[in-house]
DNA sequence: AAGTATCATTGTATAAATACGATTAAGAAT
DNA sequence: ATTCTTAATCGTATTTATACAATGATACTT
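And the structure:
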């Protein structure tokens, strides 16, 4: 613990951790997959594809919204969800940058 | 909840969620970055770069080992850690596959 | 042998994540 | 108007994650 708490992590690392967390539950990965197969989905349709109750799915949807990965449009009584492509691209960009920063250093074989 | 609990998620989705979870804490991302800068690092050196106590760092190291992302070599009293490149490549592969499965469908502009 | 250094493990406290029943709110249908 | 549908939110229980002091274990130093 040689580093002070407040200047410990760069914004990029914090952003990557947050976005990785959004992907750290299988239901949330599946939601993103579902939303690209059909671009607008109601909550009910998403619930029908998952082994989770409606309130739990709503909670995961909210987390994905907070992460900026999906958005919601109100259509009468129902909510239509869709992917925020810009933010999804941002995730892939961060992981790709991380990879190309690291992988050129990759040794011929693993050390262990 | 129309899907039965046991057949809910594919192995690929579960694997991706687990690996994303490994990246979901800034300390763990930094550890991987540190380990590629200098390929072998002692626990003490890693602790010196993070705002966390030695036991907490040890715990994060263990989680990364369980995820298969790093490995440990014992050298006398000290532990040397290094990246498991194969597994790191696996992470990037999963995210890239996910991207190329999804992004061709990307519409010209966001829906919201 | 006694002391020191390194680091994993244990125990434990606190916070965050996960899950769901119950409720609420708002629109749609009758 | 009343009932039904849809989905968010609330309340709460349970599990998991995070953090660290204390301890234990192993090797190194003197």
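Protein chains in written order, with our numbering: chain A, 1 to 112; chain B, 113 to 224.
Cβ coordinates follow ideal geometry from the N, Cα and C atoms, glycine included.
Quantities reported herein were computed from a predicted structural model and do not represent experimental measurements.
Taking C-beta atoms as the reference points, residue 192/B and residue 185/B count as a pair closer than 8 Å. Under the three-state reduction of DSSP, residue 168/B is assigned to helix.
Distance check between residue 61/A and each of 31/A, 17/A, 38/A and 10/A places 31/A closest, using alpha-carbon atoms only. A buried status is given to residue 9/A, since no fewer than 16 other beta-carbon atoms sit within 10 Å of its beta-carbon.
At a cut-off of 8 Å between C-beta atoms, residue 43/A does not count as an interface residue with respect to chain B. The beta carbon of residue 172/B sits no closer than 8 Å to any beta carbon of chain A.
Look at residue 64/A here: in three-state DSSP terms it is helix. Taking one beta carbon from each stretch, the segment 40 to 52 of chain A and the segment 81 to 90 of chain A have 3 or more pairs nearer than 8 Å; the two touch.
With respect to residue 163/B, residue 16/A sits apart: the two C-beta atoms are not nearer than 8 Å. When DSSP states are grouped into helix, strand and coil, residue 193/B belongs to the strand group.
Listed by position along chain A, the residues whose Cβ is nearer than 8 Å to that of residue 175/B form an empty set, because the closest Cβ is around 12 Å away. Under a criterion of Cβ atoms nearer than 9 Å, the residues of chain A adjacent to residue 137/B are, in order, 17, 20 and 21.
Listed as beta-bridge partners of residue 183/B by DSSP are 194/B. Distance between residue 108/A and residue 148/B, taken at the CA atoms: about 14 Å.
If you check the CB distance, residue 166/B and residue 181/B do not come in under 8 Å. The beta carbon of residue 19/A is closer than 7 Å to those of 67, 91 and 94 in its chain, skipping five residues each way along the sequence. Close to residue 181/B, with beta-carbon spacing below 8 Å, lies no residue of chain A; the smallest spacing is near 12 Å. Within chain B, the C-beta atoms nearer than 9 Å to that of residue 3/A come from 160, 161, 162, 163 and 164, in chain order.
Pairing residue 85/A with residue 222/B gives a Cβ-Cβ distance under 8 Å. With a threshold of 8 Å between beta carbons, residue 209/B makes no contact with chain A. The beta carbon of residue 171/B is closer than 6 Å to none in its chain, skipping five residues each way along the sequence. Residue 41/A sits in a strand when the DSSP states are folded into three classes. The alpha carbon of residue 183/B has as its nearest neighbour, out of 34/A, 99/A, 112/A and 47/A, the alpha carbon of 112/A.
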